[in-house]
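Engineer:
Protein chains in written order, with this note's numbering: chain A, 1 to 244; chain B, 1001 to 1227.
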């Protein structure tokens, strides 16, 4: 075990892996982050406005609950492989962009449902008083319902981001891309001899996810409306935890 | 199993393949249920201990919650790879340990929140009736917190059902085996992958339903006040 840890440390500090090229650690960190940030961003752009509008108009109640219940039960690994198979069938290689599309499918449900729940759950009395003050429907949505729902909405984006971060390494199983997961999957393929590479890859993947989550937590706090910043984020997470 | 020689003109789903692999699918479904039940069961036991500790020594709750949150964020592939390095690829613990840790965040939080939500008046009444601490916990606090606890159990179970598929990379995986096999053997034949994907969803939804029924049976008072 000590031997393995020493080998792993040697692997991680190999200067050849710290340059810039398509096998190096910095390159794969950047690829890993791109594969997580791009689908999450697209999911936010697509799902937040549509879910907010539907919730504001009190429509698609059934859709919102169906999305969360079924969405939670769908295994990310399965989505990834089926997307890959279809991509190959249609003559697209599984690399960066098909990976992004598959990850987008995973990011959409939590963002959609949490936005819906957040807007829908805005305090009725507050919304009513806004209406009484003569606010238009759009003003109510943008100035009252969205800010009040923002803790739940941001929690949804965080869950989506975490789930995508956890799934990015699995792309390495089915395609050439996959960021830091590449080291793990290639290591598995080489058997016992590459145990140091597998362990190093695992440490890199877990470390990057931890740091990204920490950074997202900071961002989340900064984005919250000042009046809601005191709220305990953990309470929002309980109802909305989704498989990673 | 017969090897699949897929043609690009093959239909998306070949029903004959599903029919001729019924026993195989059943076996993998049972494996999937086993790989779900063991981690969730272990997780429930560990979470119960952590909850009792958190309630008894309040200052320990924060570190316990944070530790389980960190464990929860470790990507499944990394967690399996980490343990593979020490336990080997084919130990069942390599699959079970990470799956168990993923349940802890949800279970501990829901248990503590649920028990915290028991009305103080009820507790006082119980104490007034002569209930001692351990008996009050087992007979009053736990049952009253059951709806919240089972809600957590449902999320944890469905989460684990999805993650079991990833253990196909360790030579296990229940229905995840079909997902990986579809990719490894024939890339233009998605029937197997669909069987794995849809089968996993069915198992998840089925277990969720079973837990919901159990909750209805164990907490008849909750459905009466639900409206």
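The C-beta atom is built at its ideal place from N, Cα and C for all residues, glycine as well.
Suppose the cutoff is 6 Å on Cβ atoms and the five residues either side in sequence are ignored; what does the same chain contact list for residue 194 of chain A look like?
Structural biologist: The residue you call residue 194 of chain A lines up with position 194 of the first chain. 187.
Engineer: Cutting at 7 Å between CB atoms, please list the residues of its own chain near residue 983 of chain B, excluding the five before and the five after it.
Structural biologist: Examination of residue 983 of chain B is not possible in this model, given that chain B is present from 1001 through 1227 alone.
Engineer: Compare the C-beta of residue 1145 of chain B with all C-beta atoms of chain A and state if any pair is closer than 8 Å.
Structural biologist: Locating residue 1145 of chain B in the second chain gives position 145, where the first residue counts as 1. So no, residue 1145 of chain B is outside the interface.
Engineer: According to the Cβ coordinates, are residue 104 of chain A and residue 39 of chain A closer than 8 Å?
Structural biologist: Taking the first chain and counting its residues from 1, the one referred to as residue 104 of chain A is at position 104. Taking the first chain and counting its residues from 1, the one referred to as residue 39 of chain A is at position 39. The answer is yes: Cβ separation under 8 Å.
Engineer: Going by C-alpha distance, which of A/221, A/217, A/189 is nearest residue 1089 of chain B?
Structural biologist: The residue labelled residue 1089 of chain B in the question sits at position 89 within the second chain. Nearest of A/221, A/217, A/189 to residue 1089 of chain B, Cα basis: A/189.
Engineer: Would you identify the three-state DSSP class for residue 122 of chain A, choosing helix, strand or coil?
Structural biologist: Taking the first chain and counting its residues from 1, the one referred to as residue 122 of chain A is at position 122. If DSSP states are grouped into helix, strand and coil, residue 122 of chain A belongs with coil.
Engineer: If you draw a straight line from the alpha carbon of residue 995 of chain B to that of residue 1168 of chain B, how long is it in whole angstroms?
Structural biologist: Given a span of 1001 to 1227 for chain B in the structure shown, any question on residue 995 of chain B remains unanswerable.
Engineer: From what residue to what residue does the alpha helix (DSSP H) around residue 1190 of chain B run?
Structural biologist: Taking the first residue of the second chain as position 1, residue 1190 of chain B is located at position 190. No alpha helix (DSSP H) holds residue 1190 of chain B; DSSP gives it neither H nor E.
Engineer: Grab me the residues of residue 80 of chain A's own chain with a C-beta within less than 7 Å of its C-beta, minus the 5 sequence neighbours each way, in chain order.
Structural biologist: In the first chain, the residue the question calls residue 80 of chain A occupies position 80. If we look at residue 80 of chain A and ignore the five residues flanking it on each side, its Cβ neighbours are 102, 167, 170, 171, 174.
Engineer: At a Cβ threshold of 8 Å, is residue 84 of chain A touching chain B?
Structural biologist: As a working note, residue 84 of chain A is residue 84 in the first chain. Judged by the 8 Å Cβ criterion, residue 84 of chain A is in contact with chain B.
Engineer: For residue 1218 of chain B, which residues from the same chain have a beta carbon less than 7 Å from its beta carbon, with the 5 sequence-adjacent residues on both sides left out?
Structural biologist: Residue mapping note: residue 1218 of chain B aligns to position 218 of the second chain, counting from 1. Within the same chain, residue 1218 of chain B has close Cβ partners 1146.
Engineer: Nearest-angstrom Cα distance between residue 211 of chain A and residue 1197 of chain B?
Structural biologist: Residue numbering aside, residue 211 of chain A sits at position 211 when the first chain is read from its first letter. Residue numbering aside, residue 1197 of chain B sits at position 197 when the second chain is read from its first letter. Spanning the two alpha carbons is a distance of roughly 31 Å.
Engineer: Examine chain A for any beta-carbon lying closer than 8 Å to the beta-carbon of residue 1114 of chain B, and answer yes or no.
Structural biologist: On the second chain, residue 1114 of chain B is found 114 positions in, with the first residue counted as 1. No, residue 1114 of chain B does not count as interfacial toward chain A.
Engineer: Taking all protein chains shown into account, decide if residue 8 of chain A is buried (16 or more other Cβ within 10 angstroms of its Cβ) or exposed.
Structural biologist: As a first step, residue 8 of chain A is located in the first chain; it is residue number 8 there, counting from the start. Its Cβ being crowded by 16 or more others within 10 Å, residue 8 of chain A is buried.
Engineer: Whose Cβ in chain C lies nearer than 8 Å to the Cβ of residue 117 of chain A?
Structural biologist: Among the chains of the structure shown, chain C does not appear; the protein chains present are A and B.
Engineer: Tell me which residue opens and which closes the alpha helix (DSSP H) that residue 216 of chain A is part of.
Structural biologist: Counting from 1 along the first chain, the entry for residue 216 of chain A is found at position 216. Where residue 216 of chain A is concerned, the enclosing alpha helix (DSSP H) stretches over 195-223.
Engineer: Residues in the same chain with beta-carbon distance under 7 Å from residue 120 of chain A, minus the five sequence neighbours each way, listed in chain order, please.
Structural biologist: Residue mapping note: residue 120 of chain A aligns to position 120 of the first chain, counting from 1. Only 55 meet the Cβ criterion.
Engineer: In terms of alpha-carbon separation, which member of A/143, A/76, A/19 lies closest to residue 225 of chain A?
Structural biologist: As a first step, residue 225 of chain A is located in the first chain; it is residue number 225 there, counting from the start. Of the listed residues, the one whose Cα sits closest to residue 225 of chain A is A/143.
Engineer: Could you tell me which chain A residues have their CB closer than 9 Å to the CB of residue 1179 of chain B, listed as they occur along the chain?
Structural biologist: The residue you call residue 1179 of chain B lines up with position 179 of the second chain. Under the 9 Å cutoff, chain A gives 75, 77, 78, 80, 81, 82.
Engineer: By the 9 Å beta-carbon criterion, what residues does the region 1055-1079 of chain B contribute toward chain A?
Structural biologist: Listed by position, the residues of the region 1055-1079 of chain B near chain A (Cβ gap below 9 Å) are 1065, 1069, 1070, 1072, 1073, 1074, 1075, 1076, 1077, 1078, 1079.
Engineer: Check for me: the alpha helix (DSSP H) holding residue 971 of chain B runs from which residue to which?
Structural biologist: The structure shown has nothing for residue 971 of chain B, since chain B only spans 1001 to 1227.
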